[in-house]
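With this note's numbering as the guide, the letters of the sequence shown map in order to residues 1361 to 1513.
For reference, the structure discussed in these notes is given below.
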Amino acid sequence: MSVENVRNFFLEKNMEDPVFELEQSGATVDLAAETLGIQPEFVAKTLAFKVKERIILIVTRGNARVDNKKFKQYFKTKAKMLSFEEVEPKVGHPVGGVCPFGINNNVEVFLDESIRDFEYVYPAAGSKSTALKITPLEMLNLTKADWVDISTY
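Have a look at this one:
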């Protein structure tokens, strides 16, 4: 169902379905990079956080870590990731398949500066076994996201 939400997100925008099946699991950045034959930084890692009453997604490069100090400066609160059990009901995708497309309506998307200059990135597409290829600018425009600078790598 989650993969279908991602496919429908693009189809509803009169775009081609970009989702493709992975030959092996892409559940982690390293697995996805290995399966896709790319460096880990080109995997667009999507992390889910609770910011007070808001649910937000932050898309970073695969080898980045959230910098707690930068996060707190921007969001005015400490970084608190959703628990494994909270992710699918609150975001709309299971852990390992979280991406900024086809998500629940109340979820806000932010793109980290760490992916801005890449030609393409590869986010998951609603499951551990699907992905897609997209430019950061396309991702920004499609998700109506804001750029943030909250990671280190």
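C-beta atoms are modelled at their ideal positions from N, C-alpha and C, and glycine is treated no differently.
Exercise. Take every Cβ of the segment 1453-1461, pair it with every Cβ of the segment 1401-1414, and state whether three or more of those distances are shorter than 8 Å.
Key: yes
Quiz item: From this set, 1505, 1420, 1385, 1388, which residue's C-alpha is nearest residue 1475's C-alpha?
Solution: Position 115 of the sequence shown, counted from the first residue, corresponds to residue 1475. When each option's Cα is compared against that of residue 1475, the closest is 1420.
Exercise. Enumerate in chain order the residues of its own chain whose CB-to-CB distance from residue 1422 is below 6 Å, with the five nearest sequence positions on each side excluded.
Key: Within the sequence shown, numbered from 1, the residue matching residue 1422 stands at position 62. Answer for residue 1422: 1389, 1400, 1401, 1403, 1405, listed in chain order.
Quiz prompt | residue 1511 to residue 1479 span [Cα, whole Å] | solution = Here residue 1511 is taken as the residue at index 151 of the sequence shown, counted from 1. Here residue 1479 is taken as the residue at index 119 of the sequence shown, counted from 1. So the alpha carbons of these two residues sit roughly 19 Å apart.
Practice problem: Could you check if residue 1437 is buried or exposed, using at least 16 other CB atoms within 10 Å of its CB as the buried criterion? | Solution: One-based indexing of the sequence shown puts residue 1437 at position 77. By the Cβ-count criterion, residue 1437 is exposed, with fewer than 16 other Cβ atoms from all chains shown falling within 10 Å of its own Cβ.
Quiz prompt | Nearest to residue 1442 (by Cα), restricted to the options 1433, 1452, 1434 | solution = Numbered from its first residue, the sequence shown carries residue 1442 at position 82. If we check each option's Cα against that of residue 1442, 1452 comes out closest.
Quiz item: residue 1377 to residue 1472, Cα distance in whole Å?
Solution: Here residue 1377 is taken as the residue at index 17 of the sequence shown, counted from 1. Here residue 1472 is taken as the residue at index 112 of the sequence shown, counted from 1. Those two C-alpha atoms are separated by around 24 Å.
Quiz item: Mind checking whether residue 1394 and residue 1462 have CB atoms under 9 Å apart?
Solution: Taking the first residue of the sequence shown as 1, we reach residue 1394 at position 34. Taking the first residue of the sequence shown as 1, we reach residue 1462 at position 102. No, the pair does not count as a contact, with Cβ atoms beyond the cut-off.
Practice problem: Classify residue 1475 as helix, strand or coil using the three-state DSSP reduction. | Solution: As a first step, residue 1475 must be located in the sequence shown, where it is residue number 115. Helix at residue 1475.
Quiz item: What are the complete beta strand (DSSP E) segments, minimum 3 residues, inside the segment 1375-1454?
Solution: 1403-1411, 1414-1421, all fully within the segment 1375-1454.
Quiz item: By Cβ distance, which residues of its chain are closer than 6 Å to residue 1469, with the 5 residues on each side in sequence left out?
Solution: Residue numbering aside, residue 1469 sits at position 109 when the sequence shown is read from its first letter. 1417, 1460, 1503, 1505.
Self-check item: Nearest-angstrom Cα separation, counted from residue 1509 out to residue 1424
Solution: In the sequence shown, residue 1424 corresponds to position 64, counting from 1. In the sequence shown, residue 1509 corresponds to position 149, counting from 1. The alpha-carbon atoms of residue 1424 and residue 1509 are separated by roughly 11 Å.
Exercise. Decide if residue 1414 is buried, meaning its Cβ has at least 16 other Cβ atoms within 10 Å, or exposed.
Key: Position 54 of the sequence shown, counted from the first residue, corresponds to residue 1414. So residue 1414 ends up on the exposed side.
Quiz item: How would you call residue 1375, buried or exposed, if buried means at least 16 neighbouring beta carbons within 10 angstroms?
Solution: Against the sequence shown, residue 1375 aligns to sequence position 15. It counts as exposed.
Exercise. Would you check if the distance between the CB atom of residue 1387 and the CB atom of residue 1450 is smaller than 9 Å?
Key: What you label residue 1387 is simply residue 27 of the sequence shown in a count that begins at 1. What you label residue 1450 is simply residue 90 of the sequence shown in a count that begins at 1. Result no, Cβ atoms of residue 1387 and residue 1450 do not sit closer than 9 Å.
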